[in-house]
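J.: Got a structure for you, questions after.
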Amino acid sequence: MRCLDAHVHCGIYDRSKLWAFDDYLPHVEGTPITGAVLLAFPDQIYDRWDPNFKDTHEWRMRRKSANKYLLTLRAENFTVFPFFFIWNDFAWEDITPEYWGVKWHRHANEPVYNYDDPRCRQVIQKIRELNLPVLFEDDLPNTVRFIRELATDVTVIIPHMGFLNGGYRNILDQGLFQQPNVYTDTSLASFGEIMDYVQRYGEERILFGSDFPFGDPAKELDKVLRLPIPREKQEAIAGLNLLRLMSRVKRA
Ligand SMILES: [Zn+2]
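In this text, residue positions in the sequence shown follow the working numbering: the first is 12, and each later residue adds one.
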């Protein structure tokens, strides 16, 4: 079985801790995981602890290098799909053809994206043209607005089955999971939630992810492989669905 991890953070963001690509690889040794979506850490992109954070040149440079770091990562018999982490400057000019998707991330009490900025529309337009999936994390009202108003017909992946986008139940109640362009990843979700999702919506728009280093790849994959569903459905979740999304990305 070919397994691809749709949610892996890699970067050097804290002098006391290195979570580089080389820290991830030992965790997938001996597992069927042979590829991953790579993302920078939010801590490298903006000051998470200051809700009134004002962007600076220094932060802009930090973001650039965190995103570029991902492009240097390679390993034998392992496929990497770097995603570009977009922040409030909506630096769409930096989304070069080496990126396979976009990471959008904010938690409550963190500095907000200015969704009304004309550059926000521009970045969404670029995402649409290249058919890049967006791993989208923000609070519930912004998630609903992004999917229903701003980024209609864009492929959106809601990470952790909605855990940090207002919760699984709320995303379900809003009817977002049933939209054909809305995907989700299994990282840090409970086995019960994954099972509930698959029973309601099937296995075509759900991707295995670990959220390394916050989740352990082998343990997270185990939840998918324990699902009481046919093997080809497990294979879809474990890697084929991600591969299908990646095959739809248009190269500029
Ligand atoms: Zn994450």
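For every residue, glycine included, the Cβ atom is placed at its ideal position computed from N, Cα and C.
Pairing CB atoms from the region 181 to 188 with CB atoms from the region 223 to 236, are three or more of them under 8 Å?
T.: Counting Cβ pairs under 8 Å, fewer than three are found: no touch.
J.: Does the region 237 to 251 come within contact of the region 52 to 61, defined as at least 3 CB pairs closer than 8 Å?
T.: no
J.: Considering Cα atoms alone, identify which of 36, 116 and 205 is closest to residue 244.
T.: The residue labelled residue 244 in the question sits at position 233 within the sequence shown. Of 36, 116 and 205, the residue nearest in Cα terms is 205.
J.: Using 10 angstroms around the beta-carbon of residue 160, count the other beta-carbons present and answer buried if the total reaches 16, otherwise exposed.
T.: Translated into positions along the sequence shown, residue 160 becomes position 149. Exposed.
J.: Does residue 166 come out as helix, strand or coil in the three-state DSSP assignment?
T.: In the sequence shown, the residue the question calls residue 166 occupies position 155. Residue 166 falls in the coil class under three-state DSSP.
J.: With a cut-off of 8 Å, do at least 3 Cβ pairs link the region 72 to 81 to the region 140 to 149?
T.: When Cβ pairs closer than 8 Å are counted between the two stretches, the region 72 to 81 is seen not to touch the region 140 to 149, the count staying below three.
J.: Have a look at residue 109 and residue 200 and give me their C-alpha separation to the nearest angstrom.
T.: Within the sequence shown, residue 109 is the residue found at index 98, counting from 1. Within the sequence shown, residue 200 is the residue found at index 189, counting from 1. Their backbone Cα atoms lie some 29 Å apart in a straight line.
J.: Within its chain, find whatever has a CB closer than 6 Å to the CB of residue 90; leave out the 5 residues flanking it on each side and keep chain order.
T.: The count along the sequence shown starts at 1 and reaches residue 90 at position 79. Around residue 90: 46.
J.: Quick one: what does DSSP say residue 68 is sitting in, helix, strand or coil?
T.: Here the question's residue 68 lines up with position 57 in the sequence shown. In the three-state reduction of the DSSP assignment, residue 68 falls in the helix class.
J.: In the region 182 to 231, which residue ranges form an unbroken alpha helix (DSSP H) of at least 4 residues, counting only runs that do not cross its ends?
T.: 202 to 212
J.: If residue 218 and residue 253 are in contact, beta carbons under 8 Å, what's the gap, nearest whole angstrom?
T.: As a first step, residue 218 must be located in the sequence shown, where it is residue number 207. As a first step, residue 253 must be located in the sequence shown, where it is residue number 242. Indeed, because the Cβ distance is near 5 Å, the residues count as touching under 8 Å.
J.: Expressed to the nearest angstrom, what Euclidean distance is found between the alpha-carbon atoms of residue 211 and residue 169?
T.: Residue numbering aside, residue 211 sits at position 200 when the sequence shown is read from its first letter. Residue numbering aside, residue 169 sits at position 158 when the sequence shown is read from its first letter. Computed Cα separation, rounded: 16 Å.
J.: Since residue 19 is in the beta strand (DSSP E), which residue starts that stretch and which ends it?
T.: Counting from 1 along the sequence shown, the entry for residue 19 is found at position 8. First-last of the beta strand (DSSP E) with residue 19: 14 to 20.
J.: Have a look at 35, 120 and 152 and flag the residue whose alpha-carbon is nearest the alpha-carbon of residue 50.
T.: Along the sequence shown, read from residue 1 onward, the residue named residue 50 stands at position 39. The residue with the shortest Cα to Cα distance from residue 50 is 35.
J.: Quick one, are the C-beta atoms of residue 154 and residue 256 less than 8 Å apart?
T.: Indexing the sequence shown from 1 puts residue 154 at position 143. Indexing the sequence shown from 1 puts residue 256 at position 245. Not closer than 8 Å, so no.
J.: Could you spell out where the beta strand (DSSP E) holding residue 146 opens and where it closes?
T.: Against the sequence shown, residue 146 aligns to sequence position 135. Unbroken beta strand (DSSP E) run through residue 146: 145 to 148.
J.: What's the C-alpha gap between residue 12 and residue 39?
T.: Taking the sequence shown and counting its residues from 1, the one referred to as residue 12 is at position 1. Taking the sequence shown and counting its residues from 1, the one referred to as residue 39 is at position 28. Approximately 14 Å between the Cα atoms of the pair.
J.: In angstroms with no decimal places, state the Cα-to-Cα distance between residue 18 and residue 68.
T.: In the sequence shown, counting from the first residue as 1, residue 18 sits at position 7. In the sequence shown, counting from the first residue as 1, residue 68 sits at position 57. Cα-Cα distance, rounded: 28 Å.
J.: Can you tell me which residues form a DSSP beta bridge with residue 30?
T.: For the purposes of this step, residue 30 is taken as the residue at position 19 of the sequence shown. Its beta-bridge partners are 22.
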